[in-house]
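Enquirer:
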Amino acid sequence: MTTDHPTPRPRTAEQVGEQARAVLREIGRAVVGKPDALELVMLGVLARGHVLVEDLPGLGKTLLARSFATTLGLDFRRIQFTPDLLPSDVTGTPLYDQRTGEMVFHPGPVFTHLLLADEINRTPPKTQAALLEAMAESQVTVDGETRPLADPFLVIATANPVEYEGTYSLPEAQLDRFQLRVRMGYLTAPEELAMLRARVDRATPEAALERLAGPEDVVAWRSVVERVEIDDDLLEYAVALVGATREHPQISIGASPRGGLALVQLARARAVLDGRDYVVPEDVKSLAVPALAHRVSLRPELWVREMSTDDVLREIVDSVGTPTTRRTAPVPS
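Going letter by letter, the sequence shown gives residues 686 to 1018 in the numbering used here.
(1) Please give me, in chain order, every unbroken run of the alpha helix (DSSP H) with length at least 4 that falls completely inside the segment 729-769.
(2) Which of the three DSSP states, helix, strand or coil, is assigned to residue 689?
(3) Can you look up residue 824 in the DSSP assignment and give me helix, strand or coil?
(4) Go ahead and label residue 942 buried or exposed: buried means 16 or more other beta carbons lie within 10 angstroms of its beta carbon, across all protein chains shown.
(5) Could you please give me the residues that DSSP links to residue 779 through a beta bridge?
(6) Using 10 angstroms around the beta-carbon of residue 909, count the other beta-carbons present and answer buried if the total reaches 16, otherwise exposed.
(7) Which runs of the beta strand (DSSP E) at least 3 residues long sit entirely within the segment 839-912? Give them in chain order.
(8) Taking only the alpha-carbon atoms, compute the straight-line gap between residue 702 and residue 900 and give it to the nearest angstrom.
(9) Buried or exposed for residue 691, going by 16 or more other Cβ atoms inside 10 Å?
(10) Smallest Cα separation from residue 984: which of 994, 975, 976?
(11) List the endpoints of the continuous beta strand (DSSP E) containing residue 799.
(12) Tell me, to the nearest whole angstrom, how far the beta carbon of residue 962 is from that of residue 913; I am working on the premise that it is less than 8 Å.
(13) Could you give the DSSP three-state label for residue 983: helix, strand or coil?
(14) In the DSSP assignment, find the unbroken beta strand (DSSP E) run with residue 832 in it and report its ends.
(15) To the nearest angstrom, how far is the alpha carbon of residue 929 from that of residue 1005?
(16) Going by the beta-carbon positions, is the gap between residue 792 and residue 775 smaller than 8 Å?
(17) Give the DSSP bridge partners of residue 938, in chain order.
(18) Among 728, 731, 756, 722, which one has its Cα closest to the Cα of residue 740?
(19) With a 10 Å radius around its C-beta and 16 neighbouring C-beta atoms as the bar for buried, classify residue 749 as buried or exposed.
(20) Can you name the residues that DSSP bridges to residue 963?
(21) What do you get for residue 788, buried or exposed, if any count of 16 or more other CB atoms within 10 angstroms of its CB means buried?
(22) According to DSSP, is residue 705 part of a helix, a strand, or is it coil?
(23) Can you give the Cα-Cα distance for residue 936 and residue 948, rounded to whole angstroms?
(24) With residue 997 as the anchor, note down where its alpha helix (DSSP H) starts and where it stops.
(25) Can you give the Cα-Cα distance for residue 751 and residue 728, rounded to whole angstroms?
(26) Anyone know if the C-beta pair for residue 718 and residue 876 falls short of 8 Å?
(27) Does the Cβ of residue 922 have 16 or more other Cβ atoms within 10 Å, making it buried, or fewer, making it exposed?
(28) For residue 954, which of helix, strand or coil comes out of DSSP?
(29) Excluding the five sequence neighbours on either side, which residues of its own chain have a C-beta within less than 8 Å of the C-beta of residue 891, listed in chain order?
(30) When you compare only the Cα positions, how much space is there between residue 688 and residue 797?
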């Protein structure tokens, strides 16, 4: 079901936070028991970032992406990545038009607002790389001609764990293009029971979600995020967290400067989601793992010990001192 545009364009962080939280509540009707994952994806939407959702099959990754597109009122395209997928299947290709005798460009599925790159690590690196320019610059160059993508443009990519059969590791350059990585995880027994009961009661495969926004809203929300204040001590804190990944003895490749930019933007987005126009230390601290863990590489000997980058990033967050600030998040009434 769709509705007309419900409210005027938001002008303040409080207004954007209220609308974004309404979107999360609506999506929560379809994606059961995953409030943390939904919030992280919403932060990616607000912070102009792309999201990597990594987990085992059957945990709701595709449903999550489709639900965001529906509720945000965004054009939606899906690419099922397979071993035989070609770069032109992503970006589009010029085809000969017999009627005019000219080559006519046929846009690929990347020309949309929200692109679901489903099981992106099931296709070889050459096709994975076809998304690099689109994700980094919101444009596609084919046969020497550059074509801009829609605004907003967001990639939600799903990936199976690298140990899963038939997968290819994403190259570091592509991982670095994702602003954050989200893990879904299994539902608890009560949550899974609630999901099954909801499915039986509604008598349809999926919940019918309401459209609560449109592309213009998302653009306006992002403009509000850009006006969020962040003090120098919090910028220094972000730099310290990123720097610690480059000096940690268990990490072979630390986070790039793009990691620091992503962490700051996500922290500003979290402030807006909370209805604030300023960042507090907890905004930065809480997002260090999803913003940085996928950007670092562990030393090979740690693979045998089954240690994850998330574990190491949590150690780093605990070891780097959190700055004190005069600004604090308001206490809920």
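Don't be surprised by glycine CBs; every beta carbon is placed ideally from N, CA and C. As the structure is a computational prediction, the values presented were derived from the model and not from experiment.
Expert: Looking at the atomic coordinates:
(1) 746-757
(2) Within the sequence shown, residue 689 is the residue found at index 4, counting from 1. Per-residue confidence for residue 689 stands at a pLDDT of 49, beneath the threshold of 50, marking its modelled position as unreliable; no derived number is given.
(3) Here residue 824 is taken as the residue at index 139 of the sequence shown, counted from 1. It is a strand residue.
(4) Counting from 1 along the sequence shown, the entry for residue 942 is found at position 257. So residue 942 counts as exposed.
(5) Sequence index remark: in the sequence shown, residue 779 carries index 94 (1-based). Paired residues: 790.
(6) Indexing the sequence shown from 1 puts residue 909 at position 224. Buried, since its Cβ has 16 or more Cβ neighbours within 10 Å.
(7) 839-844, 865-867
(8) As a working note, residue 702 is residue 17 in the sequence shown. As a working note, residue 900 is residue 215 in the sequence shown. In a straight line, the C-alpha of residue 702 is about 17 Å away from that of residue 900.
(9) Locating residue 691 in the sequence shown gives position 6, counting from the first residue. Residue confidence for residue 691 is low, a pLDDT of 48 falling below 50, so the modelled location carries little weight; the figure read from the coordinates is stated next. It is exposed - the Cβ of residue 691 has fewer than 16 other Cβ atoms within 10 Å.
(10) Against the sequence shown, residue 984 aligns to sequence position 299. The candidate whose alpha carbon is nearest that of residue 984 is 994.
(11) The residue you call residue 799 lines up with position 114 of the sequence shown. Its beta strand (DSSP E) spans residues 799-803.
(12) Stepping through the sequence shown from its first residue, residue 962 is reached at position 277. Stepping through the sequence shown from its first residue, residue 913 is reached at position 228. Correct: roughly 5 Å between the Cβ atoms.
(13) As a position in the sequence shown, residue 983 is number 298, starting the count at 1. Of the three classes helix, strand and coil, the one that applies to residue 983 here is strand, per DSSP.
(14) Your numbering for residue 832 matches position 147 in the sequence shown. It spans 830-833 - the beta strand (DSSP E) in which residue 832 sits, taken as one unbroken run.
(15) Within the sequence shown, numbered from 1, the residue matching residue 929 stands at position 244. Within the sequence shown, numbered from 1, the residue matching residue 1005 stands at position 320. In a straight line, the C-alpha of residue 929 is about 8 Å away from that of residue 1005.
(16) Taking the first residue of the sequence shown as position 1, residue 792 is located at position 107. Taking the first residue of the sequence shown as position 1, residue 775 is located at position 90. Their beta carbons are not under 8 Å apart, which means residue 792 does not touch residue 775 by this criterion.
(17) Position 253 of the sequence shown, counted from the first residue, corresponds to residue 938. Looking at the DSSP assignment, residue 938 forms a beta bridge with 982.
(18) Indexing the sequence shown from 1 puts residue 740 at position 55. Checked all of 728, 731, 756, 722; the closest Cα to residue 740 is 722.
(19) On the sequence shown, residue 749 is found 64 positions in, with the first residue counted as 1. Flag for residue 749 reads buried.
(20) Locating residue 963 in the sequence shown gives position 278, counting from the first residue. DSSP lists 914 as partners of residue 963.
(21) The residue given as residue 788 occupies position 103 in the sequence shown. Exposed: under 16 other Cβ atoms inside 10 Å.
(22) The sequence position of residue 705 within the sequence shown is 20, counting from 1. Residue state, collapsed to three classes: helix.
(23) Position 251 of the sequence shown, counting from 1, holds the residue named residue 936. Position 263 of the sequence shown, counting from 1, holds the residue named residue 948. Roughly 19 Å separates the two Cα atoms.
(24) Residue numbering aside, residue 997 sits at position 312 when the sequence shown is read from its first letter. 994-1004 is the span of the alpha helix (DSSP H), which, as asked, contains residue 997.
(25) Locating residue 751 in the sequence shown gives position 66, counting from the first residue. Locating residue 728 in the sequence shown gives position 43, counting from the first residue. Roughly 16 Å separates the two Cα atoms.
(26) Residue numbering aside, residue 718 sits at position 33 when the sequence shown is read from its first letter. Residue numbering aside, residue 876 sits at position 191 when the sequence shown is read from its first letter. Their beta carbons are under 8 Å apart, which means residue 718 touches residue 876 by this criterion.
(27) In the sequence shown, counting from the first residue as 1, residue 922 sits at position 237. Answer is buried; the Cβ neighbour count reaches 16.
(28) Translated into positions along the sequence shown, residue 954 becomes position 269. It is helical.
(29) Here residue 891 refers to the residue found at position 206 of the sequence shown. Same-chain partners within the cutoff: 715, 748.
(30) The residue you call residue 688 lines up with position 3 of the sequence shown. The residue you call residue 797 lines up with position 112 of the sequence shown. Since pLDDT at residue 688 reaches only 46, below the 50 mark, its modelled position is unreliable, and the value read off the structure follows with that caveat. Computed Cα separation, rounded: 21 Å.
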